[in-house]
Amino acid sequence: MSDLDVCVVGEINLDLILYGLPKTLELDRELLASGLAVTLGSSSAIFAHNLSALGTKVGFVSKTGGDALGRMALDRLAAAGVDVGHVSQGTGGTPTGLTVILPQVQHRYILTFPGTMFEMEYSDIDMEYLRSARHLHVSSYFLHRALRPRIVDLFREAKYAGLSTSLDTNDDPENKWDQDLLEVLKYVDVFMPNDREIKKIVRTDDLSKALNVLAELAKVVVVKRGSAAAICRSGSEQCSLMPPRVKPVDDVGAGDSFDAGFIHQFLAGATLENCLTFANLAGAYSTTANGGTEAFRDRSAFDSFVNEHGKRVGPESPSLKSGAIEKMGN
Ligand SMILES: Nc1ncnc2c1ncn2[C@@H]1O[C@H](COP(=O)(O)OP(=O)(O)O)[C@@H](O)[C@H]1O
Ligand SMILES: [Mg+2]
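According to the numbering used here, the sequence shown is numbered sequentially starting from 26.
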């Protein structure tokens with residue numbers, strides 16, 4: 026028997042960041058960077074890493090190319106206590122994915138080779154292992170090209186086995202936002218898009234309308250909104266809470282860290298308001314260091330951040346009864 030809390034099914038790659046490049050990237054020249062960072066990238070892996078760092082028992086199901094990059098990424102996850110024993114290796118020669126980030130003054134180039142993240146299939150997943158967890162989480166819905174047609178089966182199976190579930194689509198690189206997702210949402214307990222994504226999914230500019238539509242499908246809908254108030258909606262009840270004020274260094278992985286904070290409290294039986302408070306703390310905290318996981322490698326610094334910025338949050342009965350709740354008229 027496993028004592029797994031959360032099984033994350035998702036993609037894994039490294040982020041390679043070159044700092045201090047010239048403002049203009051000239052072709053055919055040897056351009057020098059002044060700094061280099063190799064950090065764990067990809068939404069699913071960042072979520073798994075940071076959730077494990079918070080103290081939840083996490084298992085990671087994925088596919089790598091069985092190469093040095095894949096091993097480095099898995100080592101980073103394992104160092105945070107994530108069980109990586111159910112990650113499969115491709116045999117077709119496709120390498121593990123890699124993202125190269127070239128920060129400029131206010132913007133950055135982001136170049137991604139997806140690698141094996143496009144190849145993981147339903148048959149690569151050890152369903153018995155998944156069923157041994159209390160909760161299933163999937164990130165990056167639109168990046169799982171081979172798995173996507175069966176993500177609905179994955180969620181149906183998880184619900185049938187008694188797991189709770191969460192999903193963060195992240196962006197659709199093709200900007201199509203196909204509506205097969207709506208079928209999956211019927212089996213999702215906590216759906217966690219950002220402001221732009223939820224509007225794209227519902228094909229509207231009106232956030233309230235988007236929330237009304239998706240609250241009919243997923244049990245809880247949580248919307249991330251950068252430095253603005255995050256929103257949590259369950260049925261006809263809704264609360265919105267501001268994240269702490271921070272001077273962000275890097276917002277890569279803020280959404281995944283927010284998800285990790287929310288699910289950590291959700292599984293501890295906290296109220297949805299406390300889940301949202303803790304999610305805001307984790308999201309804001311992640312922006313205080315480079316990359317998506319660097320901040321969470323220092324657990325005591327997170328505890329200090331919570332002491333400084335947070336009100337007390339802890340497990341309570343899961344209800345939405347609190348002063349911060351607004352009743353929605355339909
Ligand atoms: N500048 C910021 N100040 C405070 N909190 C932030 C900031 N940026 C992000 N966060 C926190 O991280 C969460 C996720 O960030 P957001 O950028 O909205 O999501 P995503 O990374 O998915 O696009 C926010 O809802 C908030 O809690
Ligand atoms: Mg996101």
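Backbone N, C-alpha and C fix where the C-beta goes; we use that ideal spot for every residue, glycine too. Just so you know, these numbers come straight off a predicted model, no measurement behind them.
Nearest to residue 131 by alpha-carbon distance, out of 46, 52, 305 and 175, is 46. Taking 7 Å as the cut-off, one finds no heavy atom of ligand 1 near enough to the beta carbon of residue 316. Annotated as distal: residue 245 and residue 239, with beta-carbon spacing of 8 Å or more.
Ordered by chain, the residues meeting the criterion of a beta-carbon within less than 5 Å of a non-hydrogen atom of ligand 2 are 195 and 280.
When secondary structure is reduced to three states using DSSP, residue 190 falls in the strand class. Listed in chain order, the alpha helix (DSSP H) elements of length 4 or more contained wholly in the stretch 267 to 293 are 279 to 292. Between residue 123 and residue 236 a beta carbon distance of about 36 Å is seen, past the 8 Å cut, so the two are scored as non-contacting. When rounded, the separation of the alpha-carbon atoms in residue 56 and residue 62 is 17 Å. The count of Cβ pairs closer than 8 Å, one atom from the stretch 80 to 95 and one from the stretch 103 to 116, reaches three, so the stretches are in contact.
In this chain, residue 200 is not harboured by any alpha helix (DSSP H), its DSSP state being neither H nor E. Cβ atoms of residue 208 and residue 177 come within 8 Å of each other, at about 5 Å. In this structure, the straight-line span from the alpha carbon of residue 285 to that of residue 54 is close to 42 Å.
Put simply, of 310, 327, 304 and 80 the residue whose alpha carbon is nearest the alpha carbon of residue 219 is 304. Secondary structure of residue 120 (DSSP, three-state): coil. Proximity of the stretch 175 to 190 to the stretch 91 to 106 falls short of the contact definition, fewer than three beta-carbon pairs being nearer than 8 Å.
Annotation: the continuous alpha helix (DSSP H) that includes residue 305 extends over 297 to 311. Inclusion of residue 36 and residue 77 in the CB contact set at 8 Å is not warranted, their separation being larger than that value. In this structure, 217 is the residue among 275, 217 and 105 with its C-alpha nearest to the C-alpha of residue 300. Restricting attention to 199, 325, 104 and 149, the CA atom closest to the CA of residue 73 is found in 104. DSSP assignment within the stretch 45 to 112 yields the following whole beta strand (DSSP E) runs of 3 residues or more, N-terminal first: 60 to 66 and 83 to 86. The C-beta distance from residue 278 to residue 311 rounds to 5 Å, short enough to meet the 8 Å contact threshold. Per DSSP, reduced to three states, the secondary structure at residue 160 is strand. In terms of Cα proximity to residue 191, the closest of 173, 160 and 165 is 160.
Its Cα nearest to that of residue 212, the residue 162 stands out among 197, 169, 162 and 316. Straight across, the Cα-Cα distance linking residue 200 with residue 168 is about 12 Å.
Residues of the same chain with a CB within less than 6 Å of the CB of residue 331, apart from the 5 flanking positions on each side, are 306 in chain order. In this structure, DSSP gives residue 40 an extended state, which the three-state scheme calls strand. Distance from the CA of residue 273 to the CA of residue 314, rounded to the nearest whole angstrom, comes to 8 Å. A straight-line Cα-Cα distance of about 8 Å links residue 276 and residue 316. A distance of 8 Å or more separates the beta carbons of residue 29 and residue 65. The Cβ neighbour count for residue 253, taken over all protein chains shown within 10 Å, is under 16; the residue is labelled exposed. If you look at residue 170, you'll find it isn't in any alpha helix (DSSP H); DSSP assigns it neither H nor E.
For residue 189 against residue 281, the beta-carbon gap comes to about 18 Å, at or over 8 Å, which does not count as contact.
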